[in-house]
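Those sequence lines, one after another, are chains A and B. In terms of the UniProt record's numbering, the first sequence has 47 at position 47, counting the first letter as 1, and numbering is strictly consecutive. In terms of the UniProt record's numbering, the second sequence has 72 at position 72, counting the first letter as 1, and numbering is strictly consecutive. Single-structure report; data block below.
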Amino acid sequence: MPHAPLIQLENVTLTRGGRVVLDDLSLDIAERRVGLIGTNGSGKSSLVRLLNGLLAAEKGRVTVHGLDAATQAGELPRKVGFIFQNPDHQIIFPTVAEEIAFSLEQAGMPRREAAKEAVPALARFQRAHWAERPVHALSEGEKQFLCIIAVLVMRPALVILDEPFSSLDLPTRRRLESLVAGLEQQVILVAHELDAFEGYDRVIWLHAGRLRGDGPPEAVIAAYRAFAEALA
Amino acid sequence: MISLYLPERTWLHAVPAGWKLLALALISLVAAPLNSLPVMAGLLLAALVLYASLGKAALKQIALLRPLWPLFLILLAFHWWNGDITAGLVVLARILAMVLLANAVTMTTRMDAMMDAVEPLLAPLRLFGGSPRAVALAVAMMIRFVPLLFALWEALNDSWRARTGKRGGWRLLAPFCIQTLRLSHHTAEALAARGGAPRGDRR
């Protein structure tokens with residue numbers, strides 16, 4: 001068990017659209033591989049958005065890898081990489097190399113250097129041949145792979161994946177899972193595919209904005225399955 | 001689906017973005033006041049020869065003009081009604097040639113090169129607190145999202161046809177606008193997650 005928590009939430013409350021989505025939530029997270037589960041609307045996506053500074057807590061305190069999310073929100077994107085469910089929402093540029101160059105620039109590299117460095121950066125992921133490809137010509141899996149590469153080249157300390165597998169076929173999903181498994185960074189994975197948490201250190205189960213389960217994956221997932229089956 | 005960038009390298013890819021944009025601007029300036037049908041037809045022919053020189057993939061891009069045909073028809077009808085069909089043909093040839101030439105620049109120029117070329121022209125924005133880099137990024141995003149919006153329209157049309165057996169046409173405009181707004185919201189969030197639009201000028 002690691003020592004100091006890398007992520008701390010202290011009595012965090014968040015309201016969206018008049019509904020309380022996180023309700024006085026407190027968490028210390030120090031593990032390298034953390035899963036986040038729960039039914040739709042349980043607060044999972046809101047929680048991970050707090051960690052990247054996309055949302056701000058109304059009450060309570062959020063600290064992520066030494067940064068206070070309230071006062072240092074502008075610095076969070078460099079420290080926290082965020083991968084969204086739909087890669088088409090995330091990819092900004094028309095070609096792969098430009099997308100990677102943009103990430104490098106956002107990480108602080110001068111623009112011309114970033115443009116030159118894009119192909120070697122892709123080569124580190126065995127995807128140098130993608131450089132000139134238009135992003136719309138990539139498959140869904142390739143687009144999601146590109147999103148992950150675009151985040152990783154920024155060298156974040158924490159990588160958050162918010163339901164990244166939902167539109168992928170099984171072989172593509174396995175490839176991406178294997179890529180994520182090899183990351184040296186701390187990873188928080190939000191997913192409905194419960195087998196995706198194999199080898200994870202901890203799984204957190206949110207329900208109605210509160211902690212419903214927290215601990216080793218096997219125990220939490222078993223309890224969640226029983227809960228879901230009772231609801232069905 | 002229409003792509004605005006040709007991944008296969010052509011001779012035009014090697015021409016610097018600034019030169020291509022300058023040539024396009026000069027041709028536009030020269031072509032605008034001319035009203036000679038042979039000259040405009042010649043310009044259109046030159047644009048088509050340019051596409052042929054860029055290869056098959058470029059020639060396929062001429063399909064980009066297909067959605068514009070109702071506009072062309074209205075334009076010709078208007079001039080025919082005014083009793084000057086020749087003027088209509090001149091205008092039509094000019095529009096066709098300029099759209100094709102502008103698209104030739106877009107499909108052979110990477111957005112980062114385009115942004116580098118355009119940014120100095122946007123420098124006066126700084127006087128008003130604007131960021132040339134952010135504007136250039138917005139243009140890049142617009143280019144990136146054109147194929148995505150085409151796909152969105154096709155998906156809505158398919159969905160309509162699956163339930164009605166007919167094309168959606170104008171009825172799709174409202175859902176298309178709503179979906180586009182939703183897309184822009186998600187994209188803004190994703191951009192914010194990567195640190196937002198760059199404001200600096202670090203080259």
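Every residue gets a Cβ at the ideal spot worked out from N, C-alpha and C, and that includes glycine.
Beta-carbon neighbours of residue i, restricted to chain A and to distances below 7 Å
i	result
G195 of chain B	P77, R78 and Q106
P147 of chain B	H136
Y5 of chain B	P94, T95 and P134
Exposure of residue i, with buried meaning 16 or more beta-carbon neighbours within 10 Å
i	result
G74 of chain A	exposed
I85 of chain B	exposed
K166 of chain B	exposed
R173 of chain A	buried
W170 of chain B	exposed
P5 of chain A	exposed
L132 of chain B	Checking the sequence, you will find Pro at residue 132 of chain B rather than Leu. That one is buried.
A131 of chain A	buried
E99 of chain A	buried
P33 of chain B	exposed
C177 of chain B	exposed
N11 of chain A	exposed
N82 of chain B	exposed
D162 of chain A	buried
M177 of chain A	Here the sequence assigns Glu to residue 177 of chain A, which means Met is not the residue at that position. Result: buried.
Simplified DSSP state of residue i, which is helix, strand or coil
i	result
R124 of chain A	coil
M1 of chain B	With a pLDDT of 40 at M1 of chain B, under the threshold of 50, the predicted position of this residue should be treated as unreliable, and no value is reported.
P5 of chain A	coil
F145 of chain B	helix
D84 of chain B	coil
G81 of chain A	strand
P7 of chain B	coil
V153 of chain A	coil
R194 of chain B	coil
D169 of chain A	coil
S28 of chain B	helix
L181 of chain B	helix
L34 of chain B	coil
Opposing strand residues paired with residue i [DSSP bridges]
i	result
G17 of chain A	Bridge partners of G17 of chain A: none, in fact.
K59 of chain A	A:T13
I188 of chain A	A:V34 and A:I160
G215 of chain A	A:V203
residue 205 of chain B	Examination of residue 205 of chain B is not possible in this model, given that chain B is present from 1 through 203 alone.
P134 of chain A	A:T95
V64 of chain A	A:I7 and A:L67
L27 of chain A	A:L9
R210 of chain A	A:H207
L22 of chain A	A:L14
Proximal residues of chain B, C-beta to C-beta of residue i below 8 Å
i	result
A115 of chain A	D112
N86 of chain A	H186
H89 of chain A	L183, H186, T187, E189 and A190
Contacts that residue i makes with chain B (C-beta to C-beta distance below 9 Å)
i	result
Q185 of chain A	The premise fails here: Q185 of chain A is roughly 15 Å from chain B at the closest Cβ pair, so nothing lies under 9 Å.
Distance CB(residue i)-CB(residue j) smaller than 9 Å
i	j	result
F93 of chain A	A113 of chain B	no
R202 of chain A	V48 of chain A	no
R110 of chain B	T95 of chain A	yes
Q144 of chain A	P77 of chain A	no
L158 of chain A	V190 of chain A	no
L122 of chain B	V105 of chain B	no
I7 of chain A	T71 of chain A	no
I160 of chain A	F82 of chain A	yes
A117 of chain B	A17 of chain B	yes
A87 of chain B	N35 of chain B	yes
L4 of chain B	I143 of chain B	yes
D23 of chain A	A208 of chain A	yes
F165 of chain A	I149 of chain A	no
T108 of chain B	L54 of chain B	yes
V21 of chain A	L14 of chain A	yes
R175 of chain A	G141 of chain A	yes
R194 of chain B	V119 of chain A	no
7 Å Cβ cut-off: residues of chain B touching residue i
i	result
L54 of chain A	E189, A192 and A193
A101 of chain A	D112
F82 of chain A	A193
Partners in chain A for residue i, counting only beta-carbon separations shorter than 8 Å
i	result
G140 of chain B	Residue 140 of chain B is actually Ala in this sequence, not Gly. The contacting residues are I92, F93, P94 and E98.
R126 of chain B	What R126 of chain B touches in chain A: nothing, since even the nearest Cβ is about 17 Å away.
Contact set between residue i and chain A, taken where Cβ atoms lie within less than 9 Å
i	result
I62 of chain B	Simply none; closest approach about 18 Å.
P198 of chain B	F102, E105, Q106 and R111
I143 of chain B	F93 and P94
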